[in-house]
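Residue numbers (my numbering), protein chains in the order written: chain A, 3 to 50; chain B, 9 to 323.
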């Protein structure tokens with residue numbers, strides 16, 4: 003969410019992260035890769 | 009195999025900016041080792057990253073601070089145990105912990121914190137202006153580090169402006185190492201009493217702040233209890249105050265000691281976020297992440313820890 007609002011949103015209710023775009027393309031792939039890298043709970047993964 | 013306690017806990021720092029040197033010795037020589045506690049008992053101290061993760065994540069370790077066998081880091085801590093219905097979030101295990109954590113997590117979304125950003129900026133600017141206008145040299149800790157988190161928490165909890173000074177005076181007493189123990193307890197008592205009154209006041213017509221929203225939410229769930237919410241308020245204060253204050257002081261010092269890093273931030277403020285993340289990693293602002301009680305035998309880093317024994321996870 004912090005890294006890319008086009009990819010992620012956050013629930014108002016319990017603050018869980020909502021993936022908005024499961025198949026990012028173009029420059030969003032790099033953003034998704036960064037999000038996987040920095041995610042503090044290591045909850046994200048990316049298959050290429 | 010049983011080993012004797014080579015070390016006493018808590019251990020003193022020799023450099024105020026680095027963890028006690030004995031931690032390194034423990035990690036190298038006996039990464040899971042016995043330490044003597046101030047109340048005469050003992051516990052396992054766990055020093056390696058992977059082992060610390062096990063202690064914090066495995067359900068064979070309990071966070072139940074009310075339990076008589078729970079390791080006490082401060083002498084006399086056991087006497088301050090709370091009744092069961094006032095159990096704090098940090099003393100809960102699954103399945104109780106999840107829903108309680110969820111109830112307050114919505115208050116810490118990126119969106120909510122972004123909305124708070126202008127007010128935080130105002131608070132920081134105000135404190136820096138006062139520091140610059142005050143005596144020279146000034147005291148960064150007194151003028152900036154301690155008041156900023158206290159004022160931000162006031163803002164989040166919805167502490168009325170007129171009470172900021174009371175709130176800040178007492179929170180600073182609680183976190184300052186030089187405060188004598190009796191004064192510290194008195195200040196803590198004053199904050200707890202204040203928080204209970206504040207929550208009671210907000211019950212009448214719950215405002216749109218953290219405590220007000222929690223009252224509405226918990227009432228709807230049928231789980232609202234005034235003392236529990238006041239406890240949560242104090243917990244948020246305690247958890248967020250000293251940690252943030254120390255990070256402000258240490259980060260400032262790190263930049264002053266490494267002017268080339270400071271120059272990078274000044275040249276491109278976009279680097280700030282990375283710098284903050286890195287400093288959170290670099291400075292160990294808490295010696296001991298937390299304590300746990302083993303409730304079922306488990307092997308950690310090659311050492312058998314038995315049910316009923318305490319473990320301390322190093323930060």
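C-beta atoms are modelled at their ideal positions from N, C-alpha and C, and glycine is treated no differently.
Item to complete: Could you say which of B:182, B:308, B:206 lies nearest to residue 248 of chain B if we only look at CA atoms?
Response: Your numbering for residue 248 of chain B matches position 240 in the second chain. Minimum Cα distance to residue 248 of chain B is reached at B:182.
Worksheet item: How about residue 297 of chain B and residue 323 of chain B: are their beta carbons less than 7 Å apart?
Response: Position 289 of the second chain, counted from the first residue, corresponds to residue 297 of chain B. Position 315 of the second chain, counted from the first residue, corresponds to residue 323 of chain B. Taking 7 Å as the Cβ cut-off, residue 297 of chain B and residue 323 of chain B qualify as a contacting pair.
Worksheet item: For the region 27–50 of chain A, which residues have a CB atom closer than 7 Å to at least one CB atom of chain B, in sequence order?
Response: none
Practice prompt. Ignore the nearest five residues each way along the sequence and tell me which others in residue 262 of chain B's own chain have a CB closer than 8 Å to its CB.
Written response: Within the second chain, numbered from 1, the residue matching residue 262 of chain B stands at position 254. Here the set comprises 269, 287, 290, 291.
Worksheet item: Start and end of the alpha helix (DSSP H) containing residue 133 of chain B?
Response: For the purposes of this step, residue 133 of chain B is identified with residue 125 of the second chain, where counting begins at 1. Note, residue 133 of chain B: alpha helix (DSSP H), 118–141.
Discussion item. Taking a contact to mean a Cβ-Cβ separation below 7 Å, would you say residue 73 of chain B touches residue 306 of chain B in this structure?
Written reply: For the purposes of this step, residue 73 of chain B is taken as the residue at position 65 of the second chain. For the purposes of this step, residue 306 of chain B is taken as the residue at position 298 of the second chain. Their beta carbons are not under 7 Å apart, which means residue 73 of chain B does not touch residue 306 of chain B by this criterion.
Worksheet item: What does residue 69 of chain B pair with, by DSSP beta-bridge criteria?
Response: For the purposes of this step, residue 69 of chain B is taken as the residue at position 61 of the second chain. Answer is B:302, bridged to residue 69 of chain B.
Discussion item. Just verifying my parser: in three-state terms, what is the DSSP assignment at residue 307 of chain B?
Written reply: Numbered from its first residue, the second chain carries residue 307 of chain B at position 299. Three-state DSSP puts residue 307 of chain B in a strand.
Item to complete: Helix, strand or coil for residue 321 of chain B, going by three-state DSSP, please let me know.
Response: As a working mapping, residue 321 of chain B is identified with position 313 in the second chain. Note: residue 321 of chain B maps to strand in three-state DSSP.
Worksheet item: Which residues mark the beginning and the end of the beta strand (DSSP E) in which residue 10 of chain A is found?
Response: Counting from 1 along the first chain, the entry for residue 10 of chain A is found at position 8. Run containing residue 10 of chain A: 10–12, per the beta strand (DSSP E) assignment.
Worksheet item: By the criterion of Cβ-Cβ separation under 9 Å, what are the contact partners of residue 14 of chain A in chain B?
Response: Locating residue 14 of chain A in the first chain gives position 12, where the first residue counts as 1. The answer, in chain order, is 114, 117, 119, 120.
Discussion item. What does DSSP give as the partner residue(s) for residue 51 of chain B in the beta ladder?
Written reply: Against the second chain, residue 51 of chain B aligns to sequence position 43. DSSP output for residue 51 of chain B lists B:43 as bridge partner(s).
Discussion item. Measuring straight from C-alpha to C-alpha, what distance separates residue 257 of chain B and residue 148 of chain B?
Written reply: Numbered from its first residue, the second chain carries residue 257 of chain B at position 249. Numbered from its first residue, the second chain carries residue 148 of chain B at position 140. So the two alpha carbons sit approximately 7 Å from each other.
Item to complete: Go ahead and label residue 197 of chain B buried or exposed: buried means 16 or more other beta carbons lie within 10 angstroms of its beta carbon, across all protein chains shown.
Response: Translated into the one-based positions of the second chain, residue 197 of chain B becomes position 189. Exposed is the call here.
Worksheet item: If we cut at 7 Å on Cβ distances, does residue 225 of chain B have a partner in chain A?
Response: As a position in the second chain, residue 225 of chain B is number 217, starting the count at 1. Residue 225 of chain B does not count as touching chain A.
Practice prompt. Take residue 325 of chain B as the anchor and find which of B:280, B:246, B:284 has the nearest alpha-carbon.
Written response: It is not possible to answer for residue 325 of chain B, since the shown part of chain B is limited to 9 through 323.
Worksheet item: Under 7 Å between C-beta atoms, does residue 110 of chain B make it to chain A?
Response: Walking along the second chain from the start, residue 110 of chain B turns up at place 102. It does: the Cβ of residue 110 of chain B has a partner Cβ on chain A nearer than 7 Å.
Worksheet entry | Own chain partners of residue 70 of chain B with C-beta closer than 7 Å, once the 5 adjacent residues on each side are dropped | For the purposes of this step, residue 70 of chain B is taken as residue 62 along the second chain, with counting starting at 1. Within the same chain, residue 70 of chain B has close Cβ partners 101, 300, 301, 303.
Worksheet item: Would you say the region 122–133 of chain B touches the region 232–243 of chain B, given that touching needs at least three Cβ pairs under 8 Å?
Response: no
Worksheet entry | Any 3 or more C-beta pairs closer than 8 Å across the region 20–28 of chain B and the region 48–57 of chain B | no
Item to complete: Could you have a look at residue 258 of chain B and say whether DSSP puts it in helix, strand or coil?
Response: The count along the second chain starts at 1 and reaches residue 258 of chain B at position 250. Three-state DSSP puts residue 258 of chain B in a helix.
Worksheet item: With contact counted as at least three CB pairs below 8 Å, one residue from each stretch, are the region 172–181 of chain B and the region 155–163 of chain B in contact?
Response: yes
Practice prompt. Compare the C-beta of residue 9 of chain B with all C-beta atoms of chain A and state if any pair is closer than 7 Å.
Written response: Numbered from its first residue, the second chain carries residue 9 of chain B at position 1. Any reading at residue 9 of chain B needs caution, since the residue's pLDDT is 47, under 50, leaving its predicted position unreliable; the model's value is listed next. Not an interface residue.
Worksheet item: Can you name, in chain order, every residue of its own chain whose Cβ lies under 6 Å from the Cβ of residue 44 of chain A, other than the five neighbours on each side?
Response: Counting from 1 along the first chain, the entry for residue 44 of chain A is found at position 42. Same-chain partners within the cutoff: there are none.
Worksheet item: Between residue 122 of chain B and residue 216 of chain B, what straight-line distance do the alpha-carbon atoms span, to the nearest angstrom?
Response: The residue you call residue 122 of chain B lines up with position 114 of the second chain. The residue you call residue 216 of chain B lines up with position 208 of the second chain. Answer to the nearest angstrom: the Cα atoms are 16 Å apart.
Discussion item. Closest to residue 42 of chain B by C-alpha separation, out of B:16, B:250, B:212, B:144, would be which residue?
Written reply: Translated into the one-based positions of the second chain, residue 42 of chain B becomes position 34. For residue 42 of chain B, the nearest C-alpha among the options comes from B:16.
Worksheet item: For the candidate residues B:251, B:63, B:44, whose alpha-carbon lies nearest to that of residue 315 of chain B?
Response: Position 307 of the second chain, counted from the start, is the residue given in the question as residue 315 of chain B. The shortest C-alpha separation from residue 315 of chain B is found at B:63.
Practice prompt. Identify the continuous alpha helix (DSSP H) that holds residue 207 of chain B and give its terminal residues.
Written response: Here residue 207 of chain B is taken as the residue at index 199 of the second chain, counted from 1. Taken as a continuous stretch (DSSP letters only), the alpha helix (DSSP H) holding residue 207 of chain B covers 189–212.
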